[in-house]
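Take a look at the structure set out below.
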Amino acid sequence: MSGAESLARAARRAQPAWAALPAARRKAVLRRFAAFVEREKDSLARTLTRDMGKPLSQSYNELNALPGRLGFFIDNFEAALRPHSVRDAGGTAEALTHEPLGVVANISAWNYPWFVGTNVFVPALLTGNAVLYKPSEHAQATGRAMARLLWRAGVPRSVFSPVFGAGRAGAALLESDIDAVFFTGSVATGKKVAEAAARRLIKVQLELGGKDPVYIAQDADPLKAAPAVADGAFYNAGQSCCAVERVYVHERIYERFLEAFLDAVRGFKVGDPMDRDTYLGPLARAEQVPFLESQVRDAVRKGARLLWGGRRLPRPGAFFAPTVLDRCTHEMALMREESFGPVIGLMKVRSDDEAVRLMNDTAYGLTAGVYSRSKARAQRILSQVDAGSAYWNCCDRVSPYLPWSGRKDSGLGLTLSTAGIACFLRPKAWHLRRP
Ligand code: TXE
């Protein structure tokens, strides 16, 4: 029997008692977990940076934002568990309750391990499920710390079990006695996960990649938009599913935007991720460096103009220079394939309609942003873009109060918001006829 299988069987045995606890008991346990994370923040931030190279200041940002994220789940899960009396239909009372899925597998990622992990396993635990959590192989020490703090807070070890390893461990987990799988990662692996889930008809939720566009409309203030978009593109070295990956700028303000954008990018400090003033550290995966080099080569060969960076940096670690290209077209891989790195392509556009066409010209559908002085103009444009999240004068932003959903190759299902709590439950419809 595989390690995952024995953990799944132990979870199956332990889950009913965890679900049978009063909701207030589970709430108190997860509140203690949140308090332990806060108390150990300094060492957890350093562990996260050592794990995957995120600059220490950004590791702190992720941990500092966690209480708000966890607090949302802790404060809002009980409503999802409340039984409903629906109606009385001629002597038959109709009622509705919600029951946990059972044993949930969470196969997770390395770019924001605290966010993408707790987005799944905290609501799963609060609603009475047991969780088998497989951290990415690039964030295992962080995964170990999560398990240690959950157990110390009072989650039984067999109710939250970490599964360590890479793809093979993930594949074995998919074959174990689970009722659902929640996955964050690449499209290619997401499709393997969905195939494995389909063979067993278990529930699957996929949070995959993105090729997120931003459009700077003619009436926008280019000097205000440029630094915000630069941060949206290069934060966490661009390793975020909702990082800005394409920038379209109206031709009338293009030169002013480009100058301000390059100023912002030139100001990013590349360095040791443990230094507090480093903005851009190494990539988490060494194999991404040659991938980014090939995207830059392809773009330049097809006519793009390389304005900044464009190559790996001659220093230990997977460092890639913050890179800006323009005169891009959609014939270039750079404008269509997810880069997931500190590389960005810009294009001039002549109209809002052209921007809509280009923003929709992608296999992804995660987020899209418009900078404009007019909310109506932004809403008119964004209502035509096939994406799960829309941004007006902002980008690269996630809120626990709003569903996080991807369309097309960006995923299946959603996390966050009350809908991201309810997805860990199944309805039971009651038809109660008095004798
Ligand atoms: O993803 P993988 P990686 C995207 C982004 C990035 C790419 C690769 O494009 O460049 O994914 O990142 C486990 N069966 N995102 O390598 O390979 C694996 O061990 C079951 C976007 O991290 O998909 C890890 O735990 N599991 C995303 C998880 O799947 C398998 C964040 C993801 O690994 C498996 C991260 C298999 N056959 C990457 N093979 C986002 N939405 O932000 C691997 N795994």
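Numbering (this note's numbering), first residue to last: 760 to 1194. In this text, a Cβ means the ideal position worked out from N, Cα and C, and glycines have one as well.
Quiz item: For residue 1106, which three-state DSSP category applies?
Solution: strand
Quiz prompt | CB of residue 1027 within 7 Å of CB of residue 1081, strictly | solution = yes
Quiz item: If we call anything under 7 Å between Cβ atoms a contact, is residue 897 one with residue 1043?
Solution: yes
Exercise. Can you tell me the Cβ-Cβ gap for residue 753 and residue 1141, rounded? I've got them flagged as a contact below 8 Å.
Key: Nothing can be reported for residue 753, as the shown portion of the chain is limited to 760 through 1194.
Self-check item: Distance CB(residue 892)-CB(residue 821) smaller than 7 Å
Solution: no
Quiz prompt | Inter-residue Cα distance where the pair is residue 1088 and residue 1062 | solution = 8 Å
Quiz prompt | Check: residue 1099 C-beta below 6 Å from any heavy atom of the ligand TXE | solution = yes
Quiz prompt | Simplified DSSP assignment, three categories, for residue 1061 | solution = coil
Quiz item: Roughly how many angstroms lie between the CA atoms of residue 818 and residue 1040, to the nearest whole one?
Solution: 12 Å
Quiz item: Should residue 823 go down as buried or exposed, given a rule of 16 or more other Cβ atoms within 10 Å for buried?
Solution: exposed
Quiz item: Under the three-state reduction of DSSP, which class applies to residue 937: helix, strand or coil?
Solution: coil
Quiz item: For residue 865, which beta-bridge partners are listed by DSSP?
Solution: 892 and 941
Quiz item: residue 1150 bridges to which residues according to DSSP?
Solution: 1128
Exercise. Name the two residues that bound the continuous alpha helix (DSSP H) containing residue 946.
Key: 946 to 959
Quiz item: Comparing alpha-carbon positions, which option in 1176, 1194 and 1170 lies nearest residue 945?
Solution: 1170
Practice problem: Go through its chain and collect everything with a Cβ distance to residue 1122's Cβ below 7 Å, but skip five positions before and after it. | Solution: 1167 and 1168
Quiz item: How long is the line joining the alpha carbons of residue 1011 and residue 1005, rounded to whole angstroms?
Solution: 18 Å
Exercise. Drop a sphere of 10 angstroms on the beta-carbon of residue 954, count the other beta-carbons inside from all chains shown, and report buried for 16 or more, exposed for fewer.
Key: exposed
Self-check item: Within the stretch 900 to 938, ranges of the alpha helix (DSSP H) (whole runs, at least 4 residues)
Solution: 926 to 933
Practice problem: Locate the alpha helix (DSSP H) running through residue 845, then write down its first and last residues. | Solution: Taken as a continuous stretch (DSSP letters only), residue 845 belongs to no alpha helix (DSSP H), being part of the beta strand (DSSP E) at 843 to 848.
Quiz prompt | Euclidean distance between Cα positions of residue 767 and residue 935 | solution = 6 Å
Quiz item: Can you check whether the CB of residue 1150 is closer than 7 Å to the CB of residue 979?
Solution: no
Exercise. Go ahead and label residue 825 buried or exposed: buried means 16 or more other beta carbons lie within 10 angstroms of its beta carbon, across all protein chains shown.
Key: buried
Practice problem: Answer yes if the stretch 793 to 801 comes into contact with the stretch 894 to 913, meaning at least three C-beta pairs across the two stretches below 8 Å, and no otherwise. | Solution: yes
Quiz prompt | C-alpha distance - residue 764 paired with residue 1076, whole-angstrom precision | solution = 36 Å
Quiz item: Between residue 874 and the rest of its own chain, which residues show a CB-CB distance below 8 Å, the 5 nearest in sequence each way excluded?
Solution: 821, 824, 825, 828 and 1157
Quiz item: Taking residue 1181 as the reference, which of 971, 840 and 1093 has the closest Cα?
Solution: 840
Quiz prompt | First and last residue of the uninterrupted beta strand (DSSP E) at residue 964 | solution = 962 to 966
Quiz item: Distance, Cα to Cα, residue 860 vs residue 901?
Solution: 26 Å
Quiz prompt | Limits of the unbroken beta strand (DSSP E) element including residue 819 | solution = Run containing residue 819: none in the beta strand (DSSP E); it sits in the alpha helix (DSSP H), 815 to 840.
Quiz prompt | Secondary structure of residue 1026, DSSP reduced to three states | solution = coil
Quiz item: residue 982 lies in the beta strand (DSSP E); which residues open and close that run?
Solution: Careful: residue 982 lies outside any beta strand (DSSP E), inside the alpha helix (DSSP H) at 981 to 993.
Self-check item: Three-way DSSP call (helix, strand, coil) for residue 801 in this model
Solution: helix
Quiz prompt | Chain-order list of residues whose beta-carbon lies under 7 Å from that of residue 1186 (same chain, five-residue window excluded) | solution = 855 and 857
Quiz item: Quick one: what's residue 1170 bridged to in DSSP?
Solution: 966
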